[in-house]
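Residue numbering for the sequence shown follows my numbering, starting at 217 and increasing by one per position. Take a look at the structure below.
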Amino acid sequence: MPLRLPDLLPAIDLLKEENIFVMNDSRATSQDIRPLKIVVLNLMPVKITTETDLIRLLSNTPLQMEICFMKLKSHTPKNTPVEHMMMFYKDFESLRQQRFDGMIVTGAPVEQLQFEEVRYWPELTEIFQWARTHVTSTIYICWAAQAGLYFYYGIPKYTLAKKRFGIFKQHIADPRLPIFRGFDDNFAMPHSRHSEVRACDIETDSRLHIIADSPESGVGIVMAREGREFFITGHMEYNPDTLDNEYRRDIGIRDDVELPHNYYRNDDPEQGPMVTWRAHANLLFANWINYYVYQTTPYDINAIR
């Protein structure tokens, strides 16, 4: 699909090498098409990697999309050049009056803090509230999923005794849901987190529906508001080598690092990862764009409520 991206975004060259069709702003403005507007609130430390991972998944549909990156005014990232942030990211204040067909909120490395202890929590909750009236459908990933469930529905998070790290098989509760169109009975999901939400809390709220879970990793995906909100506790967007990079970064530095579960061939890091989640990751995001964004959003984007 033609992805409309800001001129000079590093992901453009990387994805062109993978034969993914991306289009810069200069070319897109010459086409008389109403693209879907997708905003990404990127809370991950290494912004460029996360941008590329998400754009790669959003490319798996014939629809044209305009991707916009949002940043927090109350937080300055340490692992991404200031020049990159200034060139490609916009503050919430500059986007407040706009409406978007879809939104993605990424995870963040703050899960061992209480939500209210996170420095940017007030600004983040303001964005959460704004999304309810300015976005057709939103995906919340990992810590953002926990934060969204807590803010909107009062669902608590719990600290895990040890890090949940690896690839875990998810069971689909209702295969008839459009988000799972084309899925097998089970699918794999990468996880890398120190906390969790629990089914016993979620099941007490009739507004929430656990649509995927695992006996090993717990709640996988929660849906609310008939698909206007999806809370994904893992990282379907992860690249094949993401968990490997994280494992090699932390081994010998932290005392709680274990081999990623169900990740390496024969549990041997030297044999590399066995990629088992990418096909379903592409389907998940394509189904979200098609059935919960494109087919439900109004043509007049200002009519989103």
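Note that CB positions come from ideal geometry on N, CA and C, so glycine has one too.
Those residues which DSSP pairs with residue i across a bridge
| i | result |
| --- | --- |
| R481 | Per DSSP, none; premise fails for R481. |
| S408 | F381 |
| V435 | D429 |
| M490 | Its beta-bridge partners do not exist; DSSP assigns none. |
| A440 | L424 and E445 |
| E267 | Paired residues: none, contrary to the question. |
| M286 | L257 and K306 |
| G318 | I254 and S353 |
First through last residue of the beta strand (DSSP E) which encompasses residue i
| i | result |
| --- | --- |
| I357 | V351 to I357 |
| L259 | No beta strand (DSSP E) contains L259, which DSSP labels as neither H nor E. |
| D471 | Segment: none, D471 is in no beta strand (DSSP E) and carries neither H nor E. |
| M452 | From DSSP, M452 is part of no beta strand (DSSP E); its letter is neither H nor E. |
| D307 | Y305 to D307 |
Backbone secondary structure at residue i - three-state DSSP
| i | result |
| --- | --- |
| F403 | strand |
| H291 | coil |
| A324 | coil |
| L424 | strand |
| D457 | coil |
| H387 | strand |
| Y369 | helix |
| Q247 | Confidence is the limiting factor: at Q247 the pLDDT is only 45, short of 50, which leaves the residue's position unreliable and the question unanswerable from this model. |
| I467 | strand |
| E462 | helix |
| V334 | coil |
| L376 | strand |
| L340 | helix |
| I520 | coil |
| G398 | coil |
| L252 | strand |
| R312 | coil |
| Q214 | Residue 214 lies beyond the range of the chain shown here (217 to 521); nothing can be said about it. |
| N506 | helix |
Counted within 10 angstroms of its Cβ, other Cβ atoms place residue i as buried (16 or more) or exposed
| i | result |
| --- | --- |
| I320 | buried |
| D516 | exposed |
| R243 | Annotation note: pLDDT 48 at R243 (below 50); position unreliable, coordinate value reported separately. So R243 ends up on the exposed side. |
| G468 | exposed |
| G488 | exposed |
| Y454 | buried |
| S422 | exposed |
| A256 | The residue you asked about is not Ala; residue 256 is Val in the sequence shown. That one is buried. |
| K398 | Position check: residue 398 holds Gly in this sequence, whereas Lys was assumed. So G398 ends up on the exposed side. |
| P406 | buried |
| V298 | exposed |
| R348 | exposed |
| P261 | exposed |
| R409 | buried |
| N518 | exposed |
| R380 | buried |
| C284 | buried |
| S433 | buried |
| P391 | exposed |
| M439 | buried |
| T265 | buried |
C-beta contact flag for residue i and residue j at 8 Å
| i | j | result |
| --- | --- | --- |
| H300 | F403 | no |
| I357 | L365 | no |
| S411 | E327 | yes |
| K263 | T296 | yes |
| M281 | I254 | yes |
| F396 | I383 | no |
| I427 | I437 | yes |
| H161 | G323 | Not covered by the structure: residue 161. The range shown for the chain is 217 to 521. |
| Y510 | L279 | yes |
| I448 | T277 | no |
| E339 | K289 | yes |
| I355 | F446 | yes |
| T444 | T352 | For the record, residue 444 in the displayed sequence is Arg; it is not Thr. Closer than 8 Å, so yes. |
| V413 | Q330 | no |
| P476 | L459 | yes |
Run of the alpha helix (DSSP H) containing residue i, from where it starts to where it stops
| i | result |
| --- | --- |
| I418 | A415 to I418 |
| P502 | The sequence shown places Ala at residue 502, not Pro. Counting along the chain, the alpha helix (DSSP H) containing A502 begins and ends at R494 to N503. |
Below-8 Å beta-carbon distance, residue i vs any chain D residue
| i | result |
| --- | --- |
| D483 | Structure shown: chain D not included; a single protein chain is present. |
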